[in-house]
Amino acid sequence: MANEFVKKINDDTGVNINLCYQCKTCSLSCPFASVMDILPHQVIRKLQTGEENELLESTTIWHCGTCETCVTRCPNKIDIPRVMDYLRQTALQKKVAYGDKKVTAFHKAFINSIRQWGRQYELGMLLEFKIRSRDYFSDIPLGISMMLKRKLPFLPERIKGKNEVKDMFNSLDKKSGI
Ligand code: SF4
Ligand code: SF4
């Protein structure tokens, strides 16, 4: 059973988690380790032993900032951020509830912004996040201050290939069933 799961992770992500020999370099390097309930090296171990449900319910998959420090320092170049992405998508697909709804609201708003504009449109993303999380009034002074400093443009930036990005998301949706 665990072997089948390892094969599935390998097939779906292209990451060979069997190469991990638990040196813990990833966890010692991770800047988000202090807020994770399962450390990165433990995530890989749990994948090897087929403990999928525990991982899908963990805070770790939502707290990983995809900074890539772990994969850069891993002696076997195991792409942990890619695995974390896969686990987040699987949790959404299987509708596994995460305690703090703001976290999943932010994730959805972030992904939708890239899907729609081909890159991040911060103001649009923040508005969607506020609506999804129903947290309308916190951070208003910070938002105004950022706008005054031109850190939050009113309009999205136009990029080439916007439609191709959208097509890519649509084809992934069909595959994953989200
Ligand atoms: S750094 Fe690489 S080999 Fe070491 S525990 Fe982390 S994933 Fe495994
Ligand atoms: S990519 Fe995620 S797991 Fe890896 S170091 Fe960054 S925050 Fe930690």
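Under the numbering used here, think of the first position of the sequence shown as 1, with each following residue one higher.
Glycine is no exception: its CB is placed at the ideal position from the N, C-alpha and C atoms.
Using a threshold of 8 Å, is the CB atom of P81 nearer than that to any non-hydrogen atom of ligand 1?
no
Cβ-heavy atom distance, T25 to ligand 1, below 8 Å
yes
Does the separation of the CB atoms of T13 and D79 fall below 9 Å?
yes
C-alpha gap between N170 and S58, whole angstroms:
27 Å
Measure the CB-CB distance between P156 and Y121 and report whether it falls below 9 Å.
yes
Determine the DSSP secondary structure at S113, reduced to helix, strand or coil.
helix
Since S133 and K101 should fall inside the 8 Å C-beta cutoff, what is the C-beta to C-beta distance between them, to a whole number of angstroms?
7 Å
Would you check if the distance between the CB atom of L55 and the CB atom of V43 is smaller than 9 Å?
yes
Could you name the residues of the same chain whose beta carbon sits closer than 6 Å to that of N10, not counting the 5 residues immediately before and after it, in chain order?
N16
Using the three-state DSSP reduction, which class does I140 fall into: helix, strand or coil?
helix
Got a sec: does ligand 2 put a non-hydrogen atom nearer than 8 Å to the Cβ of P31?
yes
Among the residues of its own chain, which have a CB less than 6 Å from the CB of S113, if the five just before and after it don't count?
Q120, Y121, G124 and M125
CB-CB under 7 Å to C64, same chain, minus the five flanking residues each way: which ones, in chain order?
F32, P81 and M84
Less than 9 Å between the beta carbons of W117 and R88, yes or no?
no
Ligand 1 heavy atoms versus the CB of C70: any closer than 8 Å?
yes
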